[in-house]
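Each remark here refers to the structure printed beneath this line.
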Amino acid sequence: MFLESAAQLNRAFARAVSEGLASGRAASEVARDAFEAANPAIPADLGVAVFEEVLHRPGRVRAYASGDEASMIDAMESLLAEGQRRREIRDDYPARSLATVTVWSVLISAVHDATEPDDAPRRPSERKDPSEER
379 MFLESAAQLN RAFARAVSEG LASGRAASEV ARDAFEAANP AIPADLGVAV FEEVLHRPGR
439 VRAYASGDEA SMIDAMESLL AEGQRRREIR DDYPARSLAT VTVWSVLISA VHDATEPDDA
499 PRRPSERKDP SEER
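Basically my numbering = 1-based index in the sequence shown + 378.
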């Protein structure tokens, strides 16, 4: 179940990136849409386990999905490389490095949000009312 959900997440993300690249839209818009497309591909009760599968065992997910499908990092790398070519994305770091950091950051954030209790203390920048600091 985890592997199938992880493979579906990769497929949804890669499909959105591929379609976005073909449309010629800005890399930032394509990235946003790709993460949004991947989100509903994950059953809510499996979210954390699926993200961990995608992040920690990408080779296993790829092998399960027949070995020729792009991982989220592969798809993001192609998007960022195209963005670099178009001068939309900084090019002082390799697209693969930027893709790895981007995908990990978004998925780790999602895992954190999914596992953090609703009443957890927020960072000062997220406080809505200054009186919450007291």
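We put the beta carbon where it would ideally sit given N, CA and C, even for glycine.
Can you check whether the CB of Ala448 is closer than 9 Å to the CB of Ala488? Along the sequence shown, read from residue 1 onward, the residue named residue 488 stands at position 110. Along the sequence shown, read from residue 1 onward, the residue named residue 448 stands at position 70. No. Outside cutoff.
Give the single residue among Leu381, Arg468, Asn388, Asp470 whose Cα lies nearest to the Cα of Val481. Walking along the sequence shown from the start, residue 481 turns up at place 103. Out of Leu381, Arg468, Asn388, Asp470, Asn388 has the C-alpha closest to the C-alpha of Val481.
Span separating the alpha-carbon of Ala415 from that of Val408: On the sequence shown, position 37 is the one that residue 415 refers to. On the sequence shown, position 30 is the one that residue 408 refers to. Cα-Cα distance, rounded: 10 Å.
Leaving aside the five residues before and after Asp411 along the sequence, list all residues of the same chain whose C-beta is less than 7 Å from its C-beta, in chain order. Residue 411 sits at position 33 when you count from the first residue of the sequence shown. Ala394, Gly398.
Quick check on DSSP: helix, strand or coil for Ser449? On the sequence shown, position 71 is the one that residue 449 refers to. Residue state, collapsed to three classes: coil.
Roughly how many whole angstroms lie between the Cα atoms of Val479 and Met454? Locating residue 479 in the sequence shown gives position 101, where the first residue counts as 1. Locating residue 454 in the sequence shown gives position 76, where the first residue counts as 1. Taking the straight line joining both Cα atoms gives about 10 Å.
Alpha carbon to alpha carbon, how far is Glu430 from Ile486? As a working note, residue 430 is residue 52 in the sequence shown. As a working note, residue 486 is residue 108 in the sequence shown. Cα to Cα, the separation comes out at about 9 Å.
Apart from the five residues just before and just after Leu458, which ones in its own chain have a Cβ nearer than 6 Å to its Cβ? Here residue 458 is taken as the residue at index 80 of the sequence shown, counted from 1. Cβ within range, chain order: Ile467, Ala473, Leu476, Ala477.
Give a single yes or no on whether Ala400 has its beta carbon closer than 8 Å to a heavy atom of the ligand MG. Ligands displayed in this structure: none; no statement on the ligand MG is therefore possible.
Residues of its chain near Gln462, where Cβ-Cβ distance is below 7 Å and the 5 sequence neighbours each way are ignored: Start at 1 with the first residue of the sequence shown, and residue 462 comes out as number 84. Closer than 7 Å at the Cβ level, and outside the excluded window around Gln462, lie Asp469, Ala473.
Per-residue burial, Ala400 [other beta carbons within 10 Å of its own, 16 or more giving buried]: Here the question's residue 400 lines up with position 22 in the sequence shown. Result: exposed.
Roughly how many whole angstroms lie between the Cα atoms of Arg403 and Ser483? If you number the sequence shown from 1, residue 403 lands on position 25. If you number the sequence shown from 1, residue 483 lands on position 105. Going from the Cα of Arg403 to the Cα of Ser483 covers about 23 Å.
Could you check which residue in Gly437, Glu460, Ala405 has the C-alpha nearest to that of Leu381? Residue mapping note: residue 381 aligns to position 3 of the sequence shown, counting from 1. The residue with the shortest Cα to Cα distance from Leu381 is Gly437.
Selected residue, minimal CA-CA separation from Arg465, among Ile451, Gln386, Ala405, Met450: Taking the first residue of the sequence shown as 1, we reach residue 465 at position 87. When only C-alpha atoms are compared, the closest one is Ala405.
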